[in-house]
Every structure is written in C-alpha cells, then in structure tokens.
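Working notes, structure below.
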Amino acid sequence: MKIDIATICGGGNAAHAMIPIIRNHFSGKINLFLPFGDEANHFQKLIDEKKLLTAIMGDKEIYGRPNKVSKFAKEVCKEADLILMLLPAFAHEKTLQHIMPFLKEEAIIGAIPARSGFEYAALKILKDNKKEKIKIFGMQTLPWACRIKEYASKVDILGKKKSVGMAAFPHKITSELASFLSRVLNLKIEPLPNMLTLTLANVGQIIHPGIMYGLFKGKEQATYQKETVPLFYQGVTKEIAKILQEMSDEILMVAEKIKVLDKNVNLERVMGLKNWLIYSYEDSIIDKKNLQTCFNTNSAYKGLRAPVKKENDYFLPNFQARYLTEDIPFGLVVTKAIAQLAKVNIPIIDEVILTTSKWIGKEYIKRGYLKGKDIKDARIPQNYNINNLEEIIIY
Ligand code: NAD
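Sequential numbering of the sequence shown, starting at 1, is according to the numbering used here.
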C-alpha cells in the first residue's frame, strides 16, 4: 500500500484537527478539498496570513498546514492515493459523486466517521461510475472531540479516544490500512471484520438521539438561559441511561439474530454501550460503575451542552442539530431497516425515531413500516436495491 498523497474533504472541526495531527506523522503531501460555499477561498486567505494551523491538546500544541487547498476536485483529488472524508454523513454521497470522475483507479476512500450504511451508497456510486477498483473504508467514530477556536488557525482537541474501529471493503486491505492509519493518526485503529459491524456499532446513533430524546421529550417548548442549557453528557440521568441501555440492547439483539441466521458472520465487535465507552475512553472516565457514571464522569465530555438555538433573550432546544439530522437517517433508521430484514422488533428505537423525526420535520416510519414520505433520504439498504440480509453480510 503506497500512500504519498492524502486529500482531506471538509473544512470543519474534524478537518481542522486532522490536518496538524496527520502532518506530524505523515511525510507525504496533504491536500484539502473544500467545494462547499466559499470555504476554499476563505481558508486559503486565512492560512496564508496565519501560516499554520494549531491543534491545542491540553498544554501541548502541534502544527500543520495543507500543501494545496481547492474547491475543484480536479486540482486536489486527481493525484490522491487516499481520500479522507471528514464530513457529516449527509454530505458523503454528494461528495463521492462530485469527486468520482477525477479519482485514481486504485484510490482508497474513507469516511470518518462512517455512520451507518456508508458502504451501500459508496459501492453503488463506484459501480455506477465503473470505478470498482477503488477501495473504501469507514471509521466507527471520529477519534477526537474537537471544536474550531479560530477558523483556519486554531482548534481545541477536547478529548481523544484510546482506540477507534475501522472496517474496509474489500476486507483484505483492512489490516494494512489500519496499520497505516494508526501511524498517521497516532492512535490505535482496530481492524473490524466487516462494514456491517460499523453500521450496527455506530454508537452515535444511540448516544445522540437517545440523549436528545431523554432531555427534551415532553419539554420541547422549554426555554433556557445560557447558563441553564442542559449539559449533554453530564446531564444523562438514571432515566436517560436506561433509555440508552435499552437502545443498545436492541441493537445487540439484532446482531445476535443475524449471527443465528448466518454463523459465519463475525459481529463480535458490536459491543454494548457501556463496554464501548470504557473501551474508547478508558483513561478519561473517572467512575466506571454504570452507564450513567460513564457519561457523567468522562472528562472528554465535560462541559458540552445540548444543542440550542437563540431566540430573543433565551435559548430553545435545537432540533435541527446533527445529533438528529445526521444520526436518525444515517443511523437509527438504517438499524431499523436491518432489524426489519432480520425480523427483530426494536420498540424503544422505534419510539426514539418516531418522536425525534417529528422534531426534525421528517417522516421515516409510517404505521410501523419504513414507508414514511422521507424514507428515500435515509441511507437504508433497500434504497440501494439491497433487500435481503445475505447481501448486507458480504460487506
Ligand atoms: P462541521 O460542521 O464542523 O464541518 C462540516 C464540514 O463539512 C463543513 O465545514 C463543510 O466543509 C462540509 N460540509 C457540510 N455540509 C456539506 C454539504 N452539504 N456538502 C459538502 N460539504 C459539506 O462538522 P465536524 O465537527 O467537522 O464533524 C464532521 C463529522 O464528524 C460529522 O459526522 C460529526 O457528527 C462527526 N463528529 C464530530 C465530532 C466533533 O467533536 N467535532 C465528534 C464526533 C463525531
């Protein structure tokens, strides 16, 4: 595997963190692809002034900058051996369509994080464009909790996971790619056996909609002052932890049923939520007693508040936040679709989808079926002509 040029797609928090980190461990060229709005010009102008992007991790700082920035795929994707999409899931498909004509025959494209169902969309686009030699991968989460402090200049890395899962297709490239990514990201990247593991073990689908549901169900009209906006992770109560536990258990039931249907499929890395938190944040969780304490005492989550929007002098819950607009159609609804194919009931997840999809003004489930008017926008396998479990398992 020869990777000399890596192109990062996206100019948000995650891309700001990735650039200095990868720069410190990768001797090749780093390109930045920013087709969205005026991001490319804006970024280029500021980085020319500031010279370097600084990632701040506690009392440590690391620096880096991309070699080339462009809004045109032709200029920054054509020569890339590796494409890293640090984008919200709803931008994956559009970005893949956009860059596809310019990609090298044997490029590797990854989504960080993948969320659920990335492989269905990516492999269909490769097939439609006759670029099936291109390899794909996804990571289970973003390795860092990070926020831009100053655009094109400073990013705060608030927390770093101890280890992140990664799956690739074709499977045979997984371990070599995991070694490469471990080196350049300076973090343990754990090879996962298949992309279905990524889809089911997408923990964002539990944590984000589950906590939003717990915090705001029945309090949709609540108003807050800046200092009373609920803490998101530290605000997990015993009752919210119970909802999260039940959602996690339902996903484990889906995985168990698939294993019964096909004994050869390896889903052992689809973990329960508490085990995943401990596995990923071992050093930053102070009290590992139960699921609630794992959220409340995780220093990587400290101080992060629920998404809100300002209206007049107060704040309201922001139901258009990614925690719902990304994690419902690119998370829970995909899991629901797989549960349906596996014939497993997931009533708590159904309830979370039904309630939160109303909040975002979407309808995915209608009378218990995935027949809502917006289902076409969800990344479910059925939208890519995959209608049985056998086809899902091969990825
Ligand atoms: P962000 O909002 O800071 O940045 C998103 C970037 O994506 C934008 O700057 C733009 O370049 C691009 N983009 C957005 N909409 C687009 C569109 N419609 N078409 C093309 N490009 C578009 O997001 P982020 O914080 O960098 O997060 C990236 C991903 O990582 C998301 O899936 C997020 O849920 C996940 N994530 C982030 C964190 C974090 O701490 N920031 C933690 C865990 C997971």
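All C-beta atoms, glycine included, are put in the ideal place defined by N, C-alpha and C. Keep in mind it's a predicted model, so treat the numbers as computed, not measured.
- For the putative contact between I148 and N13, defined by C-beta atoms under 8 angstroms, what is the C-beta separation to the nearest angstrom? On the sequence shown, residue 148 is found 148 positions in, with the first residue counted as 1. On the sequence shown, residue 13 is found 13 positions in, with the first residue counted as 1. 5 angstroms between Cβ atoms; contact.
- Query: Within the present structure, is the beta-carbon of K94 separated from the nearest heavy atom of ligand 1 by less than 8 angstroms?
  - Reply: Within the sequence shown, the letter at position 94 stands for residue 94. Because some heavy atom of ligand 1 lies under 8 angstroms away, the Cβ of K94 counts as near it: yes.
- Range of the contiguous beta strand (DSSP E) that encloses C146: Your numbering for residue 146 matches position 146 in the sequence shown. Taken as a continuous stretch (DSSP letters only), the beta strand (DSSP E) holding C146 covers W144 to E150.
- Secondary structure at V203, three-state DSSP: helix, strand or coil? In the sequence shown, counting from the first residue as 1, residue 203 sits at position 203. V203: coil per DSSP, three-state reduction.
- Item | Integer Cβ distance of V164 from L196, believed to fall under 8 angstroms | The sequence position of residue 164 within the sequence shown is 164, counting from 1. The sequence position of residue 196 within the sequence shown is 196, counting from 1. No, V164 and L196 are not in contact; Cβ-Cβ is about 17 angstroms, not under 8 angstroms.
- Report the rounded CA-to-CA distance for Q340 versus S70, giving the unit in angstroms. As a first step, residue 340 must be located in the sequence shown, where it is residue number 340. As a first step, residue 70 must be located in the sequence shown, where it is residue number 70. So the two alpha carbons sit approximately 43 angstroms from each other.
- Task: Pull up the distance between the alpha-carbon of K226 and that of G235, whole angstroms please.
- Result: Taking the first residue of the sequence shown as 1, we reach residue 226 at position 226. Taking the first residue of the sequence shown as 1, we reach residue 235 at position 235. If you take the alpha carbons of K226 and G235, they lie about 15 angstroms apart.
- May I ask you to list the residues that DSSP assigns as paired with D156? Walking along the sequence shown from the start, residue 156 turns up at place 156. Its beta-bridge partners are I56 and R147.
- Task: Measure the Cβ-Cβ separation of D59 and D4 and say whether it is below 9 angstroms.
- Result: If you number the sequence shown from 1, residue 59 lands on position 59. If you number the sequence shown from 1, residue 4 lands on position 4. Cβ atoms of D59 and D4: not closer than 9 angstroms.
- Please list the segments of the alpha helix (DSSP H) lying wholly inside the region 220-291, counting only runs of 4 or more residues, in order along the chain. 238-261 and 273-281
- Assign Y369 to buried or exposed, taking buried as 16 or more other Cβ atoms, counted over all protein chains shown, within 10 Å of its Cβ. For the purposes of this step, residue 369 is identified with residue 369 of the sequence shown, where counting begins at 1. It counts as exposed.
- Item | Through-space distance from G210 to P317, alpha-carbon basis | On the sequence shown, residue 317 is found 317 positions in, with the first residue counted as 1. On the sequence shown, residue 210 is found 210 positions in, with the first residue counted as 1. Computed Cα separation, rounded: 14 angstroms.
- Message: With a threshold of 8 angstroms, are at least 3 pairs of Cβ atoms found where one atom belongs to the region 61-70 and the other to the region 15-24?
- Response: yes
- Message: What does the alpha-carbon distance come out to for the pair F26 and G303?
- Response: Position 26 of the sequence shown, counted from the first residue, corresponds to residue 26. Position 303 of the sequence shown, counted from the first residue, corresponds to residue 303. Distance between the alpha carbons of F26 and G303 is about 33 angstroms.
- Do the CB positions of P381 and A337 come within less than 9 angstroms of each other? Against the sequence shown, residue 381 aligns to sequence position 381. Against the sequence shown, residue 337 aligns to sequence position 337. Their beta carbons are under 9 angstroms apart, which means P381 touches A337 by this criterion.
- Would you mind sorting K127 into buried or exposed? The rule is 16 or more other CB atoms within 10 Å of its CB. Working through the sequence shown from its first residue, we reach residue 127 at position 127. When all chains shown are included, K127 counts as exposed.
- Mind checking whether E105 and I125 have CB atoms under 9 angstroms apart? Your numbering for residue 105 matches position 105 in the sequence shown. Your numbering for residue 125 matches position 125 in the sequence shown. Result no, Cβ atoms of E105 and I125 do not sit closer than 9 angstroms.
- Task: Could you check what DSSP says for V334 in three-state terms: helix, strand or coil?
- Result: On the sequence shown, residue 334 is found 334 positions in, with the first residue counted as 1. V334: helix per DSSP, three-state reduction.
- Item | Inter-residue spacing [alpha-carbon to alpha-carbon] between A121 and D313 | For the purposes of this step, residue 121 is identified with residue 121 of the sequence shown, where counting begins at 1. For the purposes of this step, residue 313 is identified with residue 313 of the sequence shown, where counting begins at 1. Cα to Cα, A121 sits roughly 43 angstroms from D313.
- How about A145 and A111: are their beta carbons less than 9 angstroms apart? Residue 145 sits at position 145 when you count from the first residue of the sequence shown. Residue 111 sits at position 111 when you count from the first residue of the sequence shown. No, these two residues do not count as a Cβ contact at 9 angstroms.
- Identify, in the order they occur along the chain, each residue of the same chain with its Cβ nearer than 7 angstroms to the Cβ of D374, setting aside the five sequence neighbours on each side. The residue labelled residue 374 in the question sits at position 374 within the sequence shown. Only K362, E363 and Y364 meet the Cβ criterion.
- Message: Please classify R183 as buried or exposed, where buried requires at least 16 neighbouring CB atoms within 10 angstroms.
- Response: Mapped onto the sequence shown, residue 183 falls at position 183. When all chains shown are included, R183 counts as exposed.
- Would you tell me roughly how many angstroms separate the C-alpha atoms of N41 and F72, rounded to the nearest one? What you label residue 41 is simply residue 41 of the sequence shown in a count that begins at 1. What you label residue 72 is simply residue 72 of the sequence shown in a count that begins at 1. N41 and F72: Cα-Cα distance of roughly 11 angstroms.
- Own chain, CB closer than 6 angstroms to S299, minus 5 neighbours either side, in chain order: On the sequence shown, residue 299 is found 299 positions in, with the first residue counted as 1. Correct list, in chain order: S284.
- Counting only runs that start and end within the region 19-66, where is the alpha helix (DSSP H) found for 4 or more residues in a row? 39-50
- Item | CB of I348 within 9 angstroms of CB of L273, strictly | Position 348 of the sequence shown, counting from 1, holds the residue named residue 348. Position 273 of the sequence shown, counting from 1, holds the residue named residue 273. No, Cβ-Cβ distance for I348 and L273 is not below 9 angstroms.
- Please check the pair M100 and M139, which I expect to be a contact at CB under 8 angstroms, by giving their CB distance rounded to whole angstroms. Your numbering for residue 100 matches position 100 in the sequence shown. Your numbering for residue 139 matches position 139 in the sequence shown. Between M139 and M100 the Cβ distance is about 21 angstroms, and since that is not below 8 angstroms, they are no contact.
- Message: With a threshold of 8 angstroms (Cβ to nearest heavy atom), would I148 be considered close to ligand 2?
- Response: For ligand 2, the structure offers nothing, since it holds only ligand 1.
- Query: Which ranges would you report for the alpha helix (DSSP H) in the region 84-112 if only whole runs of at least 4 residues count?
  - Reply: 92-99
- Message: Can you tell me where the alpha helix (DSSP H) holding I125 begins and where it ends?
- Response: For this step, residue 125 is matched to residue 125 along the sequence shown. Taken as a continuous stretch (DSSP letters only), the alpha helix (DSSP H) holding I125 covers F118 to D128.
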